[in-house]
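For the sequence shown, UniProt numbering gives the first residue as 1, with consecutive numbering after it.
Ideal placement from N, C-alpha and C gives every residue a C-beta, glycine not left out.
Everything numeric in this text was worked out from a predicted model, so none of it was measured.
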Amino acid sequence: MIKDLIKSGIDDESRPYWNGLKDKKLFIQQCGDCQKSIFYPRSICPHCFSDNINWLEANGTGTIYSFTTVHQGYGPFKGETPYTVGIVELDEGVRMMTRIIGDYNEIKVDKRVSIIFKEVEEDFVLPYFQVIT
1 MIKDLIKSGI DDESRPYWNG LKDKKLFIQQ CGDCQKSIFY PRSICPHCFS
51 DNINWLEANG TGTIYSFTTV HQGYGPFKGE TPYTVGIVEL DEGVRMMTRI
101 IGDYNEIKVD KRVSIIFKEV EEDFVLPYFQ VIT
């Protein structure tokens, strides 16, 4: 069900991102002109409006920028509560919304995290993060 919801939004701009997750790699974009990192995938740079966009493999680490714990889930996540959703600022400088897993007492703003590739359905992987202890 999750795969079906997201699959409808996969397009040519985001396909390398989704394919990378299947291979346990996190790809983000970088502008070939201004050299700034970009996330979420798009066809032009939001910083300088160049269409000279390249893909690079992120190292999969960052810090928690913000988070919340969900106690009442809906849709395909209804049976998974409670769970933590957060904004992680990757070391490459972009922020992404993601699930943060692990001991709730360890999840705090500015804590270092690393990526976990979670197969949530057959042949469908999402990037989750866990606190680095």
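Self-check item: Rounded straight-line distance, which links the Cα of I38 to that of V94
Solution: Locating residue 94 in the sequence shown gives position 94, where the first residue counts as 1. Locating residue 38 in the sequence shown gives position 38, where the first residue counts as 1. Roughly 6 Å between the two C-alpha positions.
Self-check item: Simplified DSSP state of N54, which is helix, strand or coil
Solution: Within the sequence shown, the letter at position 54 stands for residue 54. In the structure shown, N54 sits in a strand (DSSP, three-state: E or B).
Quiz item: Could you give the residue range of the alpha helix (DSSP H) that holds G102?
Solution: The sequence position of residue 102 within the sequence shown is 102, counting from 1. DSSP places G102 in no alpha helix (DSSP H); its state is neither H nor E.
Quiz prompt | L126 versus C45, G60, E106 and L56, residue with shortest Cα-Cα distance | solution = Residue 126 sits at position 126 when you count from the first residue of the sequence shown. Ranking C45, G60, E106 and L56 by Cα distance to L126 puts G60 first.
Quiz prompt | Residue environment, I132, which counts as buried when at least 16 other CB atoms sit within 10 Å | solution = Counted from its first residue, the sequence shown places residue 132 at position 132. The residue is exposed, with fewer than 16 neighbouring Cβ atoms inside 10 Å.
Exercise. Scan the UniProt domain "ChsH2 C-terminal OB-fold" (55-117) and note each continuous beta strand (DSSP E) run of 3 residues or more that stays entirely inside, going in chain order.
Key: For the UniProt domain "ChsH2 C-terminal OB-fold" (55-117), the full-length beta strand (DSSP E) segments reaching 3 residues or more read 61-70, 83-90 and 95-101 along the chain.
Quiz item: Just the Cα atoms here: how many angstroms apart are G79 and R99?
Solution: Against the sequence shown, residue 79 aligns to sequence position 79. Against the sequence shown, residue 99 aligns to sequence position 99. Rounded to the nearest angstrom, the two C-alpha atoms are 15 Å apart.
Exercise. Report the three-state DSSP secondary structure of L126 (helix, strand or coil).
Key: Counted from its first residue, the sequence shown places residue 126 at position 126. Strand, per DSSP.
Self-check item: Through-space distance from M96 to F77, alpha-carbon basis
Solution: Here residue 77 refers to the residue found at position 77 when the sequence shown is read from its first residue. Here residue 96 refers to the residue found at position 96 when the sequence shown is read from its first residue. For the pair F77 and M96, the Cα-to-Cα distance works out to about 19 Å.
Quiz item: Does the distance from the C-beta atom of F129 to that of V88 stay below 8 Å?
Solution: If you number the sequence shown from 1, residue 129 lands on position 129. If you number the sequence shown from 1, residue 88 lands on position 88. Judged by beta-carbon spacing, V88 lies within the 8 Å limit of F129, meaning their Cβ atoms are closer than that value.
Quiz item: Is I28 closer than 8 Å to W18 when the C-beta atoms are compared?
Solution: For the purposes of this step, residue 18 is taken as residue 18 along the sequence shown, with counting starting at 1. For the purposes of this step, residue 28 is taken as residue 28 along the sequence shown, with counting starting at 1. No.
Exercise. List the endpoints of the continuous beta strand (DSSP E) containing Q29.
Key: By one-based count along the sequence shown, residue 29 stands at place 29. First-last of the beta strand (DSSP E) with Q29: F27 to C31.
Quiz item: From W55 to E122, what distance separates their C-alpha atoms?
Solution: Numbered from 1 along the sequence shown, position 55 holds the residue referred to as residue 55. Numbered from 1 along the sequence shown, position 122 holds the residue referred to as residue 122. When rounded, the distance between both Cα atoms is 26 Å.
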